[in-house]
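There are 2 protein chains.
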Amino acid sequence: MTAQDPGAGPAPATGQSPETGTGPEAGSGTGPQAAPAPRRRGRPSRTAEESGPGARARILEAARDQFAERGYDKASVRGIARAAGVDPALVHHYFGSKDEVFAAAVEVSFEPATVVPAIVSGPRDGIGERLARFFIGVWENPASRAPLLAIVRSALTHEAAAAVLRTFVLRRLLERIAAELDVPDPKFRAELAASHMIGIAILRYVIRVEPLASADPEAIVAQVAPTLQRYLTES
Amino acid sequence: MTAQDPGAGPAPATGQSPETGTGPEAGSGTGPQAAPAPRRRGRPSRTAEESGPGARARILEAARDQFAERGYDKASVRGIARAAGVDPALVHHYFGSKDEVFAAAVEVSFEPATVVPAIVSGPRDGIGERLARFFIGVWENPASRAPLLAIVRSALTHEAAAAVLRTFVLRRLLERIAAELDVPDPKFRAELAASHMIGIAILRYVIRVEPLASADPEAIVAQVAPTLQRYLTES
């Protein structure tokens, strides 16, 4: 049912190299499997266990949990570091600011670098269905749903979190999709598609209005896929 | 551009009689223009100015402002009464609990008793466009947008507010629409339509992702109307 299972076990590598920029160009053009080449910053950490490749995944997992449990406002780099068992300097070293940890924690759920190609590269007439099924799959998985709910809640109540969603996550995700589309106003179209999926998530998982809250995910996909298909492929 | 202007001047009467039930049957079957027949409850108020027909509209307007400014959690019947210049007992008298004041304050923006018939009673092939234009119109109007944003924020962060939205507002609004539809699963279809409009509101007015945030409202209506039309009329 789910297109992926990003929440089970340690957070998977997202294929994103650590990024420190905040402008619109940050992240675009990053190779999907570019190896991180961390610059030394802050205090060096002491052991390989603390600073090795496993540490980055542990930090991301801890960040997801912290943002989910505490919300954007109350989560802190210090608390994330403590939960991951690393020095706060290592969090800064891998991700930069709290905003950037937040963006990376969101992207663990969506893995845009690998998921977007999979959605857009199949037969063009199935793009709406693939996108709908992927999105519902991410939300149906409780492990990815909790941090996503936290993100949506934070973005609606804190401008800083809204800015992260706007600047990093949506831009990267939607621009990747839009770049593959052959319609007028592709970003506008991709945003309309995203708006529908976000609205469904809110009514189904947060407000829990019936019958949508209990509907078979496939019944939702069946209705929504033609909508996304039209937005993404029909002029 | 806007289908109505609910925020200018005193809040219009919504045609809803005060309701005290919280079960699923609350509100269904209420006549659209049933005159309120308030039961005496709490302290009687002292003057005609304080308790006359203008008081109910003033309370609703104050409630909208209080919920918009303070959020669901921090708004109180006492604070609403103070802002409206009435005794808190009069708020209870007209509306019952804080939840019910909240529901009534939301409904001032949507006026389901008058708006839903106007949307569903015109030519069937224009229902998607009328619904899209109405919804965008309500959100484009800053006077109705502020309390709606507060409601969405509150519903996403407080289960009590989510329950009000689920139990009162969405049920009344969507059941009225669904009752007029001639498709399978009309409530499910109405909820899918609502989810799209809510998602657009969030991306456009809260997250403010571009180009959606700056798009001409008519460009949104042009894209979204066929989606709503399909959900509401095509089996």
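Chains A and B supply the protein sequences, listed in that same order.
First residue of the first sequence? That's 1 in the UniProt record's numbering, and the numbers climb one at a time after it.
First residue of the second sequence? That's 1 in the UniProt record's numbering, and the numbers climb one at a time after it.
Built from N, CA and C at the ideal position, the CB exists for glycine as well.
Backbone CA spacing between residue 122 of chain A and residue 115 of chain A [nearest angstrom]: 12 angstroms
Environment of residue 218 of chain B [buried if 16+ CB atoms lie within 10 Å]: exposed
7 angstroms Cβ shell around residue 42 of chain B - same chain, five flanking residues per side excluded: Because residue 42 of chain B sits at a pLDDT of 49, beneath the cut-off of 50, its placement in the model cannot be relied upon, and the point is left open.
Backbone CA spacing between residue 53 of chain B and residue 138 of chain B [nearest angstrom]: 25 angstroms
Cβ neighbours of residue 63 of chain B in the same chain (closer than 6 angstroms, five flanking residues each side left out): 80, 101 and 105
Contact list for residue 191 of chain A against chain B, beta-carbon separation under 8 angstroms: 203, 209, 211 and 212
Selection from B/58, B/95, B/111 and B/135 that minimises the alpha carbon distance to residue 85 of chain B: B/58
Chain A within 8 angstroms of residue 223 of chain B, Cβ atoms only: yes
Positions along the segment 148-160 of chain B whose CB lies within less than 8 angstroms of some CB in chain A: 152, 153, 155, 156 and 157
Close beta carbons around residue 225 of chain B, own chain, < 6 angstroms, minus the five adjacent residues each side: If we look at residue 225 of chain B and ignore the five residues flanking it on each side, its Cβ neighbours are 128, 129 and 132.
Where residue 206 of chain A meets chain B, residues with beta-carbon distance less than 8 angstroms: Those are 155, 156 and 162, listed as they occur along chain B.
Stretch pair the segment 164-183 of chain B + the segment 166-173 of chain A: three plus CB contacts closer than 8 angstroms: no
Buried/exposed call for residue 214 of chain A, threshold 16 Cβ in 10 Å: When all chains shown are included, residue 214 of chain A counts as exposed.
Beta carbon proximity, residue 137 of chain A to chain B, threshold 8 angstroms: It does not: the Cβ of residue 137 of chain A has no partner Cβ on chain B nearer than 8 angstroms.
Assumed close pair residue 232 of chain B, residue 201 of chain B - CB separation to whole angstroms, cut-off 8 angstroms: With a Cβ gap of about 19 angstroms, residue 232 of chain B and residue 201 of chain B do not count as contacting.
Ranges of the alpha helix (DSSP H) found wholly within the UniProt domain "HTH tetR-type" (53-113) of chain A, counting only runs of at least 4: 53-74, 77-84, 88-95 and 98-110
Segment contact flag, the segment 158-166 of chain A with the segment 67-75 of chain A, C-beta cutoff 8 angstroms, min 3 pairs: yes
Backbone secondary structure at residue 211 of chain A - three-state DSSP: Per DSSP, reduced to three states, the secondary structure at residue 211 of chain A is coil, with no helix or strand assignment.
Buried or exposed by the 16-neighbour rule on C-beta atoms within 10 Å, applied to residue 78 of chain B: When all chains shown are included, residue 78 of chain B counts as exposed.
Continuous alpha helix (DSSP H) stretch holding residue 160 of chain A: start and end: 159-164
Alpha carbon of residue 103 of chain B to alpha carbon of residue 95 of chain B, nearest angstrom: 9 angstroms
Test item: CB-CB of residue 191 of chain B and residue 209 of chain A under 8 angstroms: yes
CA-to-CA distance, residue 119 of chain A to residue 235 of chain A, given in whole angstroms: 19 angstroms
Contact list for residue 187 of chain B against chain A, beta-carbon separation under 7 angstroms: 211
Residue from B/205, B/155 and B/60 whose Cα sits closest to the Cα of residue 146 of chain B: Distances from the alpha-carbon of residue 146 of chain B to those of B/205, B/155 and B/60 put B/205 closest.
Interface partners of residue 215 of chain B on chain A, CB under 9 angstroms: 185, 188 and 191
Cβ-heavy atom distance, residue 226 of chain B to the ligand NAD, below 7 angstroms: Ligands in the displayed structure: none, and consequently the ligand NAD is not present.
Cα-Cα separation between residue 10 of chain B and residue 60 of chain B, rounded to whole angstroms: Low confidence applies here, because residue 10 of chain B scores a pLDDT of 38, under 50, leaving its location unreliable; read the following figure in that light. Residue 10 of chain B and residue 60 of chain B: Cα-Cα distance of roughly 9 angstroms.
CB contact below 8 angstroms: residue 27 of chain A versus chain B: Low confidence applies to residue 27 of chain A: its pLDDT is 36, below 50, so where it sits in the model is not reliable, and the reading given next is rough at best. Not an interface residue.
Buried or exposed (CB count within 10 angstroms, at least 16 for buried), residue 179 of chain A: When all chains shown are included, residue 179 of chain A counts as exposed.
Whole alpha helix (DSSP H) elements within the segment 110-146 of chain A, 4-residue minimum: With a minimum length of 4 residues, the continuous alpha helix (DSSP H) runs that stay inside the segment 110-146 of chain A are 112-121 and 127-140.
Collapsed DSSP secondary structure at residue 183 of chain B in the structure displayed: Coil, per DSSP.
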